[in-house]
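In what follows, a structure is listed as structure tokens, so that the remarks can point back to it.
Right under this line is the structure:
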């Protein structure tokens with residue numbers, strides 16, 4: 537499975553080329569964790585959720601993809617907990633009540649897995 | 537390519553089991569159009585963009601997926617125009633200025649295509 541992180545996210549802050557982007561800070565912090573071998577962290581240039589960033593996507597082959605937003609660059613534990621639950625769900629669907637509180641309140645969208653050709 | 541439509545969307549209206557869902561009305565109206573053979577319309581039970589529905593997703597193999605929201609069940613022409621532009625873009629990326637105005641203002645999120653295994 538993959539954890540995509542929007543690294544161009546400024547969390548609505550003015551452009552400041554000297555300061556690191558909030559999304560890049562979040563990815564750096566997540567990268568410092570010890571992830572299972574089947575989890576790939578991937579930076580993305582704009583997930584187009586700019587009004588509600590920082591933003592991550594959880595996805596994987598045969599799974600629903602989930603977009604979560606309104607994350608701060610310090611919410612590493614929240615993302616890690618949500619990713620672990622997602623990883624444990626074969627179809628990627630974690631029951632709403634089982635998700636971290638921030639994920640319950642800040643699910644931006646979800647997309648079903650592709651269907652097998654008919 | 538696929539056009540996914542959230543058919544459980546109530547557009548924030550109270551539950552009324554006797555009335556058709558706004559998202560289902562949108563799908564029905566879209567289904568009445570004459571689509572190219574490589575476009576598949578697909579109903580989805582909740583795209584989890586409930587606070588900003590109705591919601592559609594444009595996606596396809598090797599393409600970026602785009603989620604658009606805040607659609608009314610009558611915005612068939614907007615969705616059709618946006619879908620045609622998406623279909624014409626090999627990677628699914630339609631320049632922001634070329635999109636229908638509603639799509640410019642109501643892009644909920646986008647997700648990159650899976651990368652080839654490294």
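Chains as they are written, first to last, in the numbering used here: chain X, 537 to 654; chain U, 537 to 654. Idealized CB from N, CA, C, for every residue including glycine. From a predicted model like this one, the values you see are computed outputs, not experimental measurements.
Note down the Cα distance separating residue i from residue j, rounded to an integer number of angstroms.
i                      : j                      : result
residue 614 of chain X : residue 558 of chain X : 16 Å
residue 631 of chain X : residue 568 of chain X : 28 Å
residue 562 of chain X : residue 601 of chain X : 20 Å
residue 612 of chain U : residue 564 of chain U : 10 Å
residue 570 of chain X : residue 554 of chain X : 29 Å
residue 638 of chain X : residue 551 of chain U : 26 Å
residue 578 of chain X : residue 566 of chain X : 11 Å
residue 548 of chain U : residue 585 of chain X : 21 Å
residue 546 of chain U : residue 609 of chain U : 10 Å
residue 651 of chain X : residue 651 of chain U : 19 Å
Tell me the DSSP secondary structure of residue i in three-state form.
i                      : result
residue 612 of chain U : helix
residue 561 of chain X : helix
residue 578 of chain U : strand
residue 651 of chain U : coil
Kindly list the residues whose CB is nearer than 6 Å to the CB of residue i, restricted to its own chain and excluding five residues on each side of it in sequence; keep chain order.
i                      : result
residue 580 of chain X : 540 and 542
residue 603 of chain X : 593, 644 and 645
residue 647 of chain X : 601
residue 642 of chain X : 604, 605 and 606
Any C-beta of chain U sitting closer than 8 Å to the C-beta of residue i?
i                      : result
residue 640 of chain X : no
residue 603 of chain X : yes
residue 648 of chain X : yes
residue 633 of chain X : no
residue 592 of chain X : no
residue 546 of chain X : no
Is residue i close to chain X, meaning its C-beta is less than 8 Å from at least one C-beta of that chain?
i                      : result
residue 645 of chain U : yes
residue 583 of chain U : yes
residue 623 of chain U : no
residue 595 of chain U : yes
Excluding the 5 residues preceding and the 5 following residue i in the sequence, name in chain order all residues of the same chain whose CB lies nearer than 7 Å to its CB.
i                      : result
residue 636 of chain U : 614, 617 and 618
residue 596 of chain U : 537, 538 and 628
residue 649 of chain X : 598, 599 and 600
residue 534 of chain X : Since the first residue of chain X shown is 537 and the last is 654, residue 534 of chain X is not available in this structure.
residue 574 of chain X : 537
residue 544 of chain U : 557, 559, 581 and 582
Which residues in the same chain as residue i place their Cβ atom closer than 8 Å to its Cβ, once the five residues preceding and following it in sequence are excluded?
i                      : result
residue 576 of chain U : 537, 538 and 539
Taking the Cβ atom as the reference point for each residue, do residue i and residue j lie within a distance shorter than 8 Å?
i                      : j                      : result
residue 582 of chain U : residue 607 of chain U : no
residue 588 of chain X : residue 605 of chain X : yes
residue 662 of chain U : residue 623 of chain U : The requested residue 662 of chain U does not occur in the structure, where chain U is confined to residues 537 to 654.
- [ ] Give the residues from the stretch 556-580 of chain U that approach chain B closer than 8 Å (Cβ to any Cβ), ordered along the chain.
- [x] Absence of chain B from the displayed structure is noted, the protein chains being X and U.
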